[in-house]
Amino acid sequence: MCVVCGCGQPETRPATNEAAVAPADGVRVDPATGDLHYGAGAARVSVPGISTQRAIKLEADVLGANNRIAQANRSHFDAHGIHAYNLVSSPGSGKTTLLCATILALRQRAPGLSLAVIEGDQQTSNDADRIRATGAPAIQVNTGKGCHLDAQMVADAFERLPLHGHAHGHAAHGHAAPQGARLLFIENVGNLVCPAMWDLGERAKVAILSVTEGEDKPLKYPDLFAAARLMVINKTDLLPHVDFDVARCIEYAQRVNPDIEVLLVSARSGVGMDAWLDWLLEPAAQAAVHGHDHVHDHGHDHAPLTRAA
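Here this note's numbering runs 207 ahead of the position in the sequence shown, where the first position is 1.
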């Protein structure tokens, strides 16, 4: 259950028709169409039985606690040269297939690179099993009724990964950590809403959008695309078979987030994979240039990137 967004709250129905048409706290009704906008209030959310002020207080308390753990995660990752990427998408976008292909491609491009995966789902270890089949270490995090990963879940999972033990093992024996960055992929629960607001300590959020989903997703779910540094348009091998306007999708994403970078990728055909690997490995190259084992998040101060194969 997500305390902030109200997922899993008991369903409540008004007792009378009069109550049914009365707008709730923080709801705007379009007079022309009757459409309801529940994100119109200061809290940008409406939860039955909870006032706008209470919702804001809950969000501040819950996210504040999460953000403190996220910052500890970020400091921990940074100290050990670990670059963590939070992969977010709707279910069925091809996150796990892309991740498996990425791991195999990285093994060819950078055979000495250490990497690991944290997998988030409500139930099953199916995706973690697929990752482990590539030879990469993975920890499954099942959230139960939870609709996203949080920073504590990531911290608990990271402690169980070889990336964590390997780095500390070297420190315990008085040796410097291996040169170059390590990659930690965090595959979030399939959801375009809640993961947008939860910091996990990642270096960047990566929004993965399949061409089978429709080009208007950035406008429908703006918080995620506003928070993402990169949008990967995935399954481009299916473009001849679907009604998807790539240029319009990119324009919508840049309308929400003018600085978002965009890559066109097909994990199946390999189109765009080199550009995706370049993007992932760029911080490692920066670390080598700067001559230290870790690199702080300087961000990308160049124009938004749009690349295909």
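Heads up, the beta-carbon is just placed ideally off N, CA and C, and yes, glycines get one too.
**OP:** Figure out for me which residue from Gly397, Glu489 and Ala323 has the closest Cα to the Cα of Pro369.
**Re:** Ala323
Original post:
Going by the beta-carbon positions, is the gap between Val361 and Gly408 smaller than 8 Å?
Top reply: yes
Original post:
If you count every other CB in all the chains shown that lies within 10 Å of the CB of Glu225, and 16 or more means buried, which is it?
Top reply: Low per-residue confidence applies at Glu225: pLDDT is 44, beneath 50, and the placement is therefore not dependable, though the value from the model is reported in the following sentence. By the 10 Å Cβ count, Glu225 comes out exposed.
Subject >> Cβ pair Met438, Ala454 closer than 8 Å >> reply: no
Original post:
How would you call Lys442, buried or exposed, if buried means at least 16 neighbouring beta carbons within 10 angstroms?
Top reply: buried
Subject >> N- and C-terminal bounds of the beta strand (DSSP E) containing Gln329 >> reply: It is not in any beta strand (DSSP E) - Gln329 carries neither H nor E in the DSSP assignment.
Subject >> When Ile393, Leu484, Lys264 and Lys352 are compared against Phe365, the one with the closest alpha-carbon >> reply: Ile393
**OP:** Give a yes or no on whether the C-beta atoms belonging to Ala354 and Val295 are separated by under 8 Å.
**Re:** Reading off the sequence shown, one finds Cys at residue 354, where the question assumed Ala. No.
Original post:
Where does Leu446 fall in DSSP's three states?
Top reply: helix
Subject >> Start and end residues, alpha helix (DSSP H) containing Tyr459 >> reply: Val453 to Val463
**OP:** Can you have a look at Ser282 and say buried or exposed, based on whether 16 or more other CB atoms are within 10 angstroms of its CB?
**Re:** exposed
Original post:
Tell me which same chain residues have a C-beta within less than 7 Å of the C-beta of Cys307, skipping the five on either side of it?
Top reply: Arg337, Ile338 and Thr341
Subject >> Where Leu399 falls: helix, strand or coil (DSSP) >> reply: coil
Subject >> Integer-rounded CB distance, given that Asp444 should sit under 8 Å from Val478 >> reply: 7 Å
**OP:** Check whether the Cβ atoms of Ala474 and Leu305 lie closer than 8 Å to each other.
**Re:** yes
Subject >> Length at least 3, wholly inside the segment 308–363: the beta strand (DSSP E) runs in chain order >> reply: 322–328 and 345–349
Original post:
So is Ala286 buried or exposed if we call it buried at 16+ other beta carbons inside 10 Å?
Top reply: exposed
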